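Some notes on the structure that comes next.
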Amino acid sequence: MKEEIAHALSKSSSSSAPGPDGIPYLTWKWVNASNPAILLQILSPLVSLGYHTASLQVANGVVLDKPGKPSYVSPSSFRITVLLRTVSKILERIIAARLLRVARSKGLIHLNQCGSLPGLSTYDACLTLVNDVKTPQRPRLKVSSLFLDIKSSFDNVDNPTLTRILREGGIPHYLVTWVASSLGERGCTLVFQGAPGTPAPVNVGAPPGSPISPLLFLICVLPLHFRIPRGLMLSYVDDFALTAASLSYPGNIRRLQGLFRTIQARGRRLGVSFSVLKTEQIHWRTRSERHSELCLAPIQLDGEIFHPRDSLR
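Counted the way the numbering used here counts, the sequence shown spans residues 382 to 694.
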């Protein structure tokens with residue numbers, strides 16, 4: 382485990398703001414360089430017992446205003462940056478690396494998930510999408526994509542559901558119990574001018590800012606993935622792209638509407654919903670079609686109409 386601690390520290394930025402204990406990563410790097418047994422004695426029992434002590438589950442939530450908002454009377458005009466204890470995040474990096482290796486071998490991470498995973502990036506997601514758009518275009522099929530965003534991604538991580546998925550998926554017992562305890566009763570102290578400075582209990586979701594939270598979310602949303610004949614489903618953490626190909630763009634719209642109903646129904650079973658404001662659609666064209674008339678056919682989802690974009694990011 383000495384090597385795992387050293388690797389976790391190497392991935393931790395010395396300039397990152399510390400949590401409630403005020404101990405920066407740089408201090409732990411000095412400690413580990415001077416006497417590696419200290420961190421080993423602190424963290425080894427927690428790993429072997431599969432337990433995340435409550436003293437490490439407290440955080441500071443720094444409330445920051447979102448720039449450019451016309452008004453700041455609504456909570457949605459602010460975002461919270463969660464600062465966890467740095468020693469806890471060292472442990473979480475170790476557990477995340479172990480869990481990822483096992484989860485991949487057990488098929489708990491979908492092959493079309495490109496985000497928050499080592500060796501995969503936005504570049505890989507873009508290349509995959511481009512390939513699956515151009516392939517059906519060669520036999521002169523029309524291709525369209527629908528882009529969806531899951532609401533409050535990490536808040537949707539349900540502890541009992543995730544524990545069941547991990548246990549049924551064959552994950553080692555100590556990892557299952559550690560994850561369950563890490564998502565148990567947590568506390569967060571909001572930091573802003575005039576804040577009372579007292580911790581409030583947090584009993585839902587996975588903590589933002591934790592190195593393991595993205596992985597836990599990816600495991601939870603595995604059931605959202607399904608195979609699309611003459612199409613593709615691609616995801617990047619909480620962003621999902623549904624791509625369909627047919628003889629016409631109106632045909633694609635009908636197919637995408639059906640695919641949306643399918644993923645929406647699966648989401649309901651998981652307690653997951655999609656953000657309407659972030660939904661986007663595009664009809665792809667080849668270079669030979671760039672001077673032809675642009676298809677403006679919109680798609681209707683849950684009573685909302687989404688017009689196609691000529692470009693998006």
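In this text, a Cβ means the ideal position worked out from N, Cα and C, and glycines have one as well.
In this text, all values refer to a predicted model and were calculated from it rather than measured experimentally.
Counting only runs that start and end within the stretch 608–639, where is the beta strand (DSSP E) found for 3 or more residues in a row?
DSSP runs (the beta strand (DSSP E)) wholly in the stretch 608–639: 612–617 and 620–627.
Tell me which residue opens and which closes the alpha helix (DSSP H) that Val557 is part of.
Its alpha helix (DSSP H) spans residues His554 to Ser563.
Based on the DSSP output, what are the partners of Asn441 in its beta bridges?
Answer is Leu464 and Thr570.
Is DSSP giving Arg482 helix, strand or coil here?
The answer is helix: DSSP assigns Arg482 an H, G or I state.
For Leu677, does the count of other Cβ atoms within 10 angstroms reach 16, so buried, or fall short, so exposed?
With fewer than 16 Cβ atoms within 10 Å of its Cβ, Leu677 is classed as exposed.
Mind checking Pro574: buried by the 16 CB within 10 Å criterion, or exposed?
The amino acid at residue 574 is misidentified as Pro; the sequence shows Gln. Per the 10 Å Cβ criterion, exposed.
With distance defined between alpha-carbon atoms, name the residue in Asn540, Val572, Leu421 and Ser458 nearest to Gly400.
Among Asn540, Val572, Leu421 and Ser458, the Cα nearest to that of Gly400 belongs to Val572.
Just to confirm the assignment, what range does the beta strand (DSSP E) spanning Asp530 have?
Asp530 -> beta strand (DSSP E) spans Lys523 to Asp530.
Say whether the stretch 538–545 touches the stretch 463–480, bearing in mind that this needs 3 or more beta-carbon pairs closer than 8 Å, one atom from each stretch.
Verdict: no, contact absent.
Using only CA atoms, which one of Ala389, Gly648, Leu498 and Leu613 lies nearest to Arg636?
It is Leu613 whose Cα lies nearest to the Cα of Arg636.
Less than 6 Å between C-beta atoms, sequence neighbours within five positions excluded: which residues of the same chain meet that for Leu522?
Answer for Leu522: Ala626, listed in chain order.
Taking Ser651 as the reference, which of Glu674, Ser534, Asp691 and Ser502 has the closest Cα?
It should be pointed out that residue 651 corresponds to Leu in this sequence rather than to Ser. Leu651 has its Cα closest to that of Ser534, out of Glu674, Ser534, Asp691 and Ser502.
By Cβ distance, which residues of its chain are closer than 7 Å to Leu427, with the 5 residues on each side in sequence left out?
If we look at Leu427 and ignore the five residues flanking it on each side, its Cβ neighbours are His433, Thr434 and Leu472.
Comparing alpha-carbon positions, which option in Ser497, Ala398, His388 and Ser425 lies nearest Ala414?
Per the Cα distances, His388.
For a quick check, are the C-beta atoms of Glu661 and Arg690 less than 8 Å apart?
Against a cut-off of 8 Å, the Cβ pair of Arg690 and Glu661 comes out as a contact.
Can we say the stretch 595–602 touches the stretch 617–633, given the rule of at least three CB pairs closer than 8 Å?
Flag = yes, the stretch 595–602 and the stretch 617–633 touch.
Could you check whether Asp530 and Phe655 sit closer than 8 Å to each other, using their CB atoms as the reference points?
It is a contact, given that the beta carbons lie within the stated cut-off.
Within the same chain, show all residues whose beta-carbon is closer than 6 Å to that of Ser497, passing over the 5 residues directly before and after it, in chain order.
Pro595 and Val618.
Please report the straight-line C-alpha distance between Phe598 and Ser673, rounded to a whole angstrom.
If you take the alpha carbons of Phe598 and Ser673, they lie about 42 Å apart.
From the DSSP secondary-structure annotation, give me the bridge partner or partners of Gln518.
Looking at the DSSP assignment, Gln518 forms no beta bridge with any residue, so it has no partner.
Take the Cβ of Lys450 as the centre, count every other Cβ of all protein chains shown within 10 Å, and call the residue buried at 16 or more, exposed below.
Lys450 comes out exposed.
Rounded to the nearest angstrom, what separates Ser394 and Ile490 at their Cα positions?
Going from the Cα of Ser394 to the Cα of Ile490 covers about 27 Å.
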